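Asker: Before I ask anything, let me first share the structure, which is written out below as structure tokens.
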Amino acid sequence: MRGARRRLVETLREKGIRDLAVLRAFDLTRRHEFVPTGVRHRAYEDAPLPIGSGQTISQPSIHARYLELLQLKGTERVLEIGTGSGYQTVLLSHLVAQIFTIERIPALYTMAREAIARAGAKNVSMLLGDGTVGWREYAPYDAILVSAGGPSVPQPLVEQLAEGGRMLVPVGPMEEQTLKLVTRHGATVETRDVAPVRFVPLYGSHGWEQQ
Ligand code: SAM
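Here our numbering runs 100 ahead of the position in the sequence shown, where the first position is 1.
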């Protein structure tokens, strides 16, 4: 799969990803180990794929865009909402100091825990629960990545951003959202629209009502 992975890195470069650390993380992370066997042959396509429980592993170029926008330096403590397959978690493990990740679906949580362990990532802490309330115990975070779309920016996550911290969060109707970059400067919160995106729903007490 090494050749296929190299080609994916080339595709990301062609799509405008310039951050060398981000490209290296994609080169190091074996996406085929994060998808079900039935779609493994498509693991290095730049496409979202089903991972079970009605959820998807996001498109690699979306992950890459997220990671590049955060301008990571390697020293950050990061909160990720929506572990899903654990793929983005492992990409992050190559780019930051510490990751705290939350998933609400038990079957995915268990599969991701195994995949993250197999990948040898040692700087990851995982929680099964509602990520819209964040993870107060380890706050504040230098960056927060929300991998599912909600009706609004979850307030507890804004409160858990460190000074100068950045959060990427898709906000809008279930069918299509706007990716927002939220930056905290003291008591002021700056919000910038980045791009239209399509994510699975963010369910929870500060998201869509749980099904
Ligand atoms: N980045 C993930 C990956 O690489 O596989 C993709 C995740 S998928 C697009 C979004 C995930 O968010 C799903 O696994 C879903 O169960 C999870 N999710 C939705 N609402 C959540 C919540 N309130 N707390 C935690 N996870 C949530």
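All C-beta atoms, glycine included, are put in the ideal place defined by N, C-alpha and C. Given the structure is predicted, the values throughout are model-derived calculations rather than measurements.
1) Output the residue ranges of the alpha helix (DSSP H) runs that lie fully inside the segment 113-155 and measure 4 residues or longer, sorted by chain position.
2) With respect to the beta strand (DSSP E) encompassing S225, which residues constitute its N-terminal and C-terminal limits?
3) Please list the segments of the alpha helix (DSSP H) lying wholly inside the segment 160-214, counting only runs of 4 or more residues, in order along the chain.
4) Please tell me whether, using a cut-off of 8 Å, the distance from the CB of P148 to the nearest non-hydrogen atom of ligand 1 is below it.
5) Ordered along the chain, which non-local residues of its own chain (more than five positions away) have a Cβ less than 8 Å from that of V297?
6) From which residue to which residue does the beta strand (DSSP E) around E290 run?
7) Indicate the three-state DSSP secondary structure (helix, strand or coil) for A104 in the structure shown.
8) Can you tell me where the beta strand (DSSP E) holding E263 begins and where it ends?
Answerer: Checking against the coordinates, here is how it stands:
1) 120-128
2) Position 125 of the sequence shown, counted from the first residue, corresponds to residue 225. First-last of the beta strand (DSSP E) with S225: 224-228.
3) Runs of the alpha helix (DSSP H) inside the segment 160-214: 160-169, 187-193.
4) Counting from 1 along the sequence shown, the entry for residue 148 is found at position 48. Under cutoff, so the answer is yes.
5) Within the sequence shown, numbered from 1, the residue matching residue 297 stands at position 197. Excluding residues within five positions, the ones whose Cβ falls inside 8 Å are I162, G249, P270, E276, Q277, T278, L279.
6) Translated into the one-based positions of the sequence shown, residue 290 becomes position 190. Here the beta strand (DSSP E) through E290 covers 288-297.
7) Locating residue 104 in the sequence shown gives position 4, counting from the first residue. DSSP places A104 in helix when its eight states are reduced to three.
8) Taking the sequence shown and counting its residues from 1, the one referred to as residue 263 is at position 163. Residues 261-271.
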